[in-house]
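Below is one structure, written out as structure tokens; comments come after it.
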Amino acid sequence: MTIAKFQGGDAVTMSSREIAELTEKRHDHVKRDIENMLAELKQDIPSFGGIYLDSMNREQVEYHLDKELTETLITGYSIPLRHKVIRRLNDLEGQAARPMTQAEITAANANHLVAVERQQREQQVALERIERRVEDLSQTTVWDHCPQNCQSLTRIKETMLARHGLSGAVVDYVLKVWPNQPNPAGMVRNGHEEALGSQYLVWSKSHVTAAFHRFVSESTMVTATQATHPYFEGRFRLVQKVPK
11 MTIAKFQGGD AVTMSSREIA ELTEKRHDHV KRDIENMLAE LKQDIPSFGG
61 IYLDSMNREQ VEYHLDKELT ETLITGYSIP LRHKVIRRLN DLEGQAARPM
111 TQAEITAANA NHLVAVERQQ REQQVALERI ERRVEDLSQT TVWDHCPQNC
161 QSLTRIKETM LARHGLSGAV VDYVLKVWPN QPNPAGMVRN GHEEALGSQY
211 LVWSKSHVTA AFHRFVSEST MVTATQATHP YFEGRFRLVQ KVPK
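Residue numbers for the sequence shown follow this note's numbering, so the first one is 11 and each next one is one higher.
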């Protein structure tokens with residue numbers, strides 16, 4: 011639970027994890043309810059998101075709602091569950107109304123410092139990943155023709171659109187930005203005369219299949235055709251299909 015302080019007063023927010031704990035619901039189900047509610051209210055869903063580390067030290071997404079949105083969310087819940095959440099909201103408002111003690115101020119500052127240090131570590135990891143990728147590309151094999159066990163970006167987009175309904179933007183993300191992105195197998199010289207000797211990247215079919223299988227398995231369906239992923243901002247189209 012967080013008590014977020016803003017200029018001009020104190021505002022209490024409740025996390026989706028605590029709502030799940032209070033209502034004895036699965037966290038992914040509570041997140042789905044929140045996403046549906048925010049979509050109905052035409053709110054920017056990612057702006058309510060936050061990152062936490064689960065029991066396996068993996069980054070996961072949670073949501074933070076103010077009192078009004080929390081009460082809107084639980085309107086459809088049973089009376090005992092609504093009572094638990096509202097009582098907790100009232101407790102938090104009581105805590106926010108009193109001045110913070112020196113110990114609480116120290117703890118808040120320490121939490122902020124931890125968050126800043128974690129962000130710096132994440133940025134350093136991202137920078138090292140980019141540097142490794144640049145080095146890998148400088149040593150990439152160049153073929154005159156695309157090997158049979160490889161695919162170009164265009165072909166991968168066609169395959170993933172047909173197999174999972176994924177857009178080109180999502181495919182670009184998985185191949186180029188996602189932390190578990192598959193490494194390119196090499197480059198192929200473009201044989202067309204107008205290409206002027208340019209080259210394009212290709213990926214191993216097996217590595218691409220494994221990467222997208224993992225990405226899809228980590229995604230959470232929000233509607234029949236819309237999904238979210240812990241690392242991808244916003245919803246995207248996903249249709250669960252069995253590969254032929």
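For each residue, glycine too, the CB sits at the ideal point set by N, CA and C.
The Cβ neighbour count for residue 174, taken over all protein chains shown within 10 Å, is at least 16; the residue is labelled buried. Between residue 170 and residue 176 a beta carbon distance of about 4 Å is seen, short of the 8 Å cut, so the two are scored as contacting. The residues 200, in chain order, have a CB closer than 6 Å to that of residue 208 in the same chain once the five nearest residues on each side in sequence are set aside. Straight across, the Cα-Cα distance linking residue 76 with residue 87 is about 17 Å.
Assignment of beta-bridge partners to residue 160 by DSSP yields 214. Within the region 11–67, complete alpha helix (DSSP H) segments of at least 4 residues are found at 26–33 and 37–50, given in chain order. The beta-carbon separation of residue 229 and residue 217, rounded to 19 Å, does not stay under the 8 Å limit for a contact. Per DSSP, the continuous alpha helix (DSSP H) segment holding residue 179 begins and ends at 178–186.
In the same chain as residue 128, and ignoring 5 residues on each side of it, no C-beta atom comes closer than 7 Å to its own. Looking at the backbone, the Cα of residue 69 and that of residue 27 are separated by about 14 Å. When secondary structure is reduced to three states using DSSP, residue 125 falls in the helix class.
Counting only residues of its own chain and dropping the five nearest sequence neighbours on each side, residue 167 has a CB closer than 6 Å to the CB of 178 and 181. Sixteen is the threshold: when 16 or more other Cβ atoms of the shown chains lie within 10 Å of the Cβ of residue 55, as they do, the residue is buried. Our two residues, residue 247 and residue 233, have alpha carbons roughly 9 Å apart in a direct line. By the CB criterion at 7 Å, residue 213 and residue 192 fall inside the cutoff. Non-local C-beta neighbours of residue 95 in its own chain, meaning closer than 6 Å and more than five positions away in sequence, comprise 32 and 84, ordered along the chain. Take residue 29, set aside five residues on each side of it, and the residues of its chain with a beta-carbon closer than 6 Å to its own are 40, in chain order.
Residue nearest to residue 50 within the set 63, 165, 62 and 79 is 79 (criterion: CA-CA distance). Residue environment for residue 24: buried (at least 16 other C-beta atoms within 10 angstroms of its C-beta).
Distance from the CA atom of residue 221 to the CA atom of residue 161, rounded to whole angstroms, is 14 Å.
Assignment of beta-bridge partners to residue 221 by DSSP yields no partner. Here the alpha carbons of residue 91 and residue 184 stand approximately 39 Å from one another.
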